[in-house]
Amino acid sequence: MLRAFLVMLLVLCAFCGLYLLAFAPEFFMPAHDNPAFGRQFGPLAARSLGAALMVIALIALIFLRHQYAEARRYPGSAVQKIYFVLILLALGLINLSLNLAEPVPAPPGQSVLPTP
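Each residue of the sequence shown is one higher than the one before, counting from 322 in my numbering.
Here you go:
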């Protein structure tokens, strides 16, 4: 079950990351607490978010390779350092994309109330 979830995460992150890196679409992401406001992601913010998703896919790929391709054992010190650096890189890229996205009110055509 966990392996299927990790493979799904790997594929989803890889495809979404490639899409955001290649096409860099502008999109609006509503805020969680108040959907009347949110962030407008421009091309640079979308590309940095796509790069973060690709790093997350790389982490999943490394984890799957170490857990299932080889004998099951705990990762060594070097692999733990690689995980740490890649997680920091992913968090930094997500932070960069959120800082590059402009806080704006919702577009006029978007419903601000959740549907029941």
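Beta carbons are placed, not taken as given, at the ideal position from N, Cα and C, and that holds for glycine.
Excluding the 5 residues preceding and the 5 following residue i in the sequence, name in chain order all residues of the same chain whose CB lies nearer than 6 Å to its CB.
i: residue 366; result: 418, 421 and 422
i: residue 360; result: 350, 422 and 424
i: residue 335; result: 378
Rounded to the nearest angstrom, what separates residue i and residue j at their Cα positions?
i: residue 406; j: residue 352; result: 29 Å
i: residue 414; j: residue 328; result: 22 Å
i: residue 350; j: residue 427; result: 9 Å
i: residue 412; j: residue 368; result: 14 Å
i: residue 362; j: residue 356; result: 15 Å
i: residue 346; j: residue 386; result: 32 Å
i: residue 381; j: residue 354; result: 30 Å
i: residue 348; j: residue 402; result: 34 Å
i: residue 333; j: residue 370; result: 14 Å
i: residue 394; j: residue 409; result: 24 Å
i: residue 416; j: residue 364; result: 15 Å
i: residue 383; j: residue 344; result: 26 Å
Report yes if the C-beta distance between residue i and residue j is below 8 Å; otherwise report no.
i: residue 429; j: residue 358; result: no
i: residue 404; j: residue 324; result: no
On the DSSP bridge assignment, give the partners of residue i in chain order.
i: residue 423; result: 361
i: residue 351; result: 359
Give every residue of the same chain whose Cβ lies closer than 8 Å to the Cβ of residue i, excluding the five residues on either side of it in the sequence, and list them in chain order.
i: residue 331; result: 378, 381, 382 and 385
i: residue 396; result: 387 and 404
Legend entry - Three CB pairs or more closer than 8 Å across the segment 334-344 and the segment 361-378: yes
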